[in-house]
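Only one structure is covered here, and it is reproduced in the block below.
Protein chains in written order, with the working numbering: chain Y, 1 to 125; chain P, 1 to 213.
What follows is the structure, encoded as structure tokens:
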């Protein structure tokens, strides 16, 4: 095999290598309100003591308000989505994940906290 | 050094490049929310567990609703996988602009989990329903740019905005609701098609939807 053939084969190999070089995909998005509640210690909300006004002052305007028969509920939501992928031409892959930071607070008709829950990880940020 | 290169390697790489331009396979995955533990959901005892127990164990729900003192919490997670096979248009039609496009055929399958908790006026669990369905989601074909890695089968319903992002949701309060997940007026699975008819039951909501300004 002559040097010219070898150079041709090497050129083909390099071209193939470039063609097979991975391309990457990554994007992310956030939608909702600033998750202030995730930075707070859940223990700072006390059932029977904390009031609706205090929650509104500390956490801010909720994503959703629901009028209950004997009170109100405030619902806070942030959606975080992220997509990662790789392009190899022969095989391509993309994984998109959406996760949510949530908080929900229930108040009685006098505006006192009766139940609440925040997403896992709250207070650890 | 060049003389020592085995012939197999460059030929394999060249063949790989040619094959790559001729066809490609793609896998697209969609994951919505953390995987729901249905065993844990079923472990709550009706008539005993409280609203606080469920909230403490599972966290805030995906959706919630209330009617006549009763409260409904809905938890849900979605996993969807779409497998695609693509053929370069250039490989089919001959060299040209088609080299940069491919015809892709994809099929999707879902693994969806949901749990609905219904609480009475005393905030004690009256009923818990869980469901899991693993089923084909759909099949479709599309012409795409060669390097595109995107779903072909429509996932529009699953990607629907959480209702907390939708204004006037509370106006649905006036509609009677049932324990049927797919016909619930206040909480709905992603992709549920019942909303249109239910909205039509509420003239005020329909009017606002028709005139969002």
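Don't be surprised by glycine CBs; every beta carbon is placed ideally from N, CA and C.
Less than 8 Å separating the Cβ of residue i from some heavy atom of the ligand ZN?
i: residue 43/Y; result: Ligands are entirely absent from the displayed structure, and the ligand ZN is therefore not among its contents.
Give the C-beta separation of residue i and residue j to the nearest angstrom, bearing in mind that I take them to be a contact with Cβ-Cβ under 8 Å.
i: residue 82/P; j: residue 108/P; result: 4 Å
i: residue 42/Y; j: residue 118/Y; result: 5 Å
i: residue 104/Y; j: residue 73/Y; result: 6 Å
i: residue 36/Y; j: residue 147/P; result: Going by Cβ atoms, the distance from residue 36/Y to residue 147/P rounds to 40 Å, so no, they are not a contact pair.
i: residue 153/P; j: residue 94/P; result: 29 Å between Cβ atoms; not a contact.
i: residue 113/P; j: residue 36/P; result: 4 Å
i: residue 38/P; j: residue 158/P; result: That belief does not hold up - the Cβ atoms of residue 38/P and residue 158/P are roughly 19 Å apart, past 8 Å.
i: residue 82/Y; j: residue 28/Y; result: 4 Å
i: residue 127/P; j: residue 70/P; result: Contact flag wrong, Cβ pair sits at about 10 Å.
i: residue 64/P; j: residue 57/P; result: With 8 Å as the limit, residue 64/P and residue 57/P do not qualify as a contact, their Cβ atoms being about 15 Å apart.
i: residue 249/P; j: residue 54/P; result: This structure does not reach residue 249/P, given that chain P is present from 1 up to 213, and the question cannot be answered.
i: residue 26/P; j: residue 89/Y; result: Not a contact, Cβ separation roughly 10 Å.
Could you name the residues of the same chain whose beta carbon sits closer than 6 Å to that of residue i, not counting the 5 residues immediately before and after it, in chain order?
i: residue 62/P; result: 74, 75 and 76
i: residue 150/P; result: none
i: residue 41/P; result: 115 and 130
i: residue 32/P; result: 78
i: residue 101/Y; result: 35, 38, 78 and 119
i: residue 26/Y; result: 84
i: residue 116/Y; result: 45 and 105
i: residue 7/Y; result: none
i: residue 49/P; result: 125
i: residue 111/Y; result: 51 and 52
i: residue 28/P; result: 82 and 151
i: residue 47/Y; result: 113
i: residue 123/P; result: 50 and 51
List the DSSP bridge partners of residue i.
i: residue 143/P; result: 103/P
i: residue 46/P; result: None, per the DSSP bridge assignment.
i: residue 149/P; result: Per DSSP, none; premise fails for residue 149/P.
i: residue 108/P; result: 82/P and 138/P
i: residue 102/Y; result: 77/Y
i: residue 108/Y; result: 71/Y
i: residue 31/P; result: 97/Y and 79/P
i: residue 92/P; result: Looking at the DSSP assignment, residue 92/P forms no beta bridge with any residue, so it has no partner.
i: residue 25/P; result: 91/Y and 85/P
Take residue i and list the residues in its own chain whose beta-carbon comes closer than 7 Å to its own, dropping the five residues that flank it on each side.
i: residue 99/Y; result: 80
i: residue 31/Y; result: 79
i: residue 103/P; result: 86, 87, 89, 141 and 143
i: residue 111/P; result: 79 and 134
i: residue 64/Y; result: 75
i: residue 120/P; result: 70 and 126
i: residue 155/P; result: 30 and 80
Please go through the same chain and pick out, in chain order, the residues whose beta-carbon is closer than 8 Å to the beta-carbon of residue i, but skip the five residues on each side of it.
i: residue 108/Y; result: 70, 71 and 114
i: residue 139/P; result: 105, 106, 107, 108 and 153
i: residue 34/P; result: 77
i: residue 68/Y; result: 106
i: residue 97/Y; result: 81, 82 and 83
Any chance you could list the beta strand (DSSP E) runs of at least 3 consecutive residues sitting entirely within the region 3-83 of chain Y, in chain order? Counting whole runs of 3 or more residues, the region 3-83 of chain Y contains the beta strand (DSSP E) stretches 23-32 and 64-68.
Could you please tell me which residues of the region 91-115 of chain Y, in chain order, have their CB closer than 7 Å to any CB of chain P? Near chain P, meaning a CB-to-CB distance below 7 Å, the residues of the region 91-115 of chain Y are 91, 92, 93, 94, 95, 96, 97, 98, 99, 100, 102, 103, 104 and 115.
Chain Y contacts made by the region 39-51 of chain P, where a contact means CB separation under 7 Å: Going along the region 39-51 of chain P in chain order, one finds 51 with a Cβ nearer than 7 Å to chain Y.
Scan the region 23-37 of chain P for residues whose Cβ lies nearer than 7 Å to a Cβ of chain Y and list them as they occur along the chain. Contact annotation: in the region 23-37 of chain P, residues whose CB is within less than 7 Å of a CB in chain Y are 24, 25, 26, 27, 28, 29, 30, 31, 32, 33 and 34.
Between the region 34-62 of chain Y and chain P, which residues of the former have CB atoms less than 9 Å from a CB of the latter, in chain order? Answer set for the region 34-62 of chain Y: 47 and 62.
Positions along the region 88-118 of chain P whose CB lies within less than 9 Å of some CB in chain Y: Listed in sequence order: no entries.
If you measure beta-carbon to beta-carbon, which residues of the region 144-156 of chain P are closer than 8 Å to chain Y? Residues of the region 144-156 of chain P that bring their beta carbon within less than 8 Å of a beta carbon in chain Y comprise 146, 147, 149 and 150, in sequence order.
Listed from N- to C-terminal order along the chain, which residues in the region 74-87 of chain Y have their beta-carbon within a distance smaller than 7 Å of any beta-carbon of chain P? Residues of the region 74-87 of chain Y with a Cβ closer than 7 Å to any Cβ of chain P, in chain order: 75, 77, 79, 85 and 87.
Interface positions of the region 68-89 of chain P facing chain Y (Cβ-Cβ less than 7 Å), listed along the chain: Within the region 68-89 of chain P, the residues whose Cβ lies closer than 7 Å to some Cβ of chain Y are 68 and 69, listed in chain order.
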